[in-house]
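Q:
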Amino acid sequence: MAYHKSAKKRIRQTIKRTARNRTLRSSMRTAIKKYRTLLEQGDAGVASEAYPKVQKTIDKMVTKGILHRNTASRYKSRLSQALGKLSAPAAEMA
21 MAYHKSAKKR IRQTIKRTAR NRTLRSSMRT AIKKYRTLLE QGDAGVASEA
71 YPKVQKTIDK MVTKGILHRN TASRYKSRLS QALGKLSAPA AEMA
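Residues in the sequence shown are numbered from 21 upward in steps of one, following the numbering used here.
#1: Check each candidate in R56, E60, G62 and D63 and name the one with the smallest Cα separation from Q75.
#2: Identify whether D63 lies in helix, strand or coil by the three-state DSSP scheme.
#3: Between which residues of its own chain and A116 is the CB-CB distance below 6 Å, once the five residues before and five after are set aside?
#4: Who are the near neighbours of A51 in its chain, counting only those whose CB is closer than 6 Å to its CB and skipping five residues on each side?
#5: Quick one: what does DSSP say Y23 is sitting in, helix, strand or coil?
#6: So that I know if they touch, is there some Cβ in chain D lying closer than 8 Å to that of T43?
#7: Could you give the distance in angstroms between the alpha-carbon of M48 and the alpha-carbon of H24?
#8: What does the alpha-carbon distance come out to for the pair D79 and S100?
#9: Any heavy atom of the ligand NAP within a distance shorter than 7 Å of the CB on Y95?
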């Protein structure tokens, strides 16, 4: 157990930050999962409308320091590729 007053305060701050980061990370993951279910349903129009919201959520995690910018870029790239694969066959059929 911490002895110094400042060390005790740092422990309290760490607990608060960890809880906040955990909820934010969970909300981001939930948004990504919902977006992936939209992709699995196969409706490119609905998925393309939802993509900017997911992208915004991921970008917020970068500004809050929860995700590294390269990790966020990788997530967005993969989601964008999945959307491209979904809308590409529809474009070929038209």
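Even glycine gets a Cβ: it sits at the ideal position worked out from N, Cα and C. Since this is a predicted model, take the numbers as computed values, not measurements.
A: For this structure:
#1: Position 55 of the sequence shown, counting from 1, holds the residue named residue 75. Taking the Cα of Q75 as reference, the smallest distance to any Cα among R56, E60, G62 and D63 is reached at R56.
#2: Position 43 of the sequence shown, counted from the start, is the residue given in the question as residue 63. Of the three classes helix, strand and coil, the one that applies to D63 here is coil, per DSSP.
#3: This structure gives no information on residue 116, because the portion of the chain shown stretches from 21 to 114.
#4: For this step, residue 51 is matched to residue 31 along the sequence shown. Excluding residues within five positions, the ones whose Cβ falls inside 6 Å are V74 and T77.
#5: Within the sequence shown, numbered from 1, the residue matching residue 23 stands at position 3. Three-state DSSP puts Y23 in coil, outside helix and strand.
#6: Here there is only one protein chain, and chain D is not present.
#7: Here residue 48 refers to the residue found at position 28 of the sequence shown. Here residue 24 refers to the residue found at position 4 of the sequence shown. Between M48 and H24, the alpha-carbon positions lie close to 36 Å from each other.
#8: Translated into the one-based positions of the sequence shown, residue 79 becomes position 59. Translated into the one-based positions of the sequence shown, residue 100 becomes position 80. Each residue's Cα considered, the two are about 14 Å apart.
#9: The ligand NAP is absent from the structure shown, which contains no ligand whatsoever.
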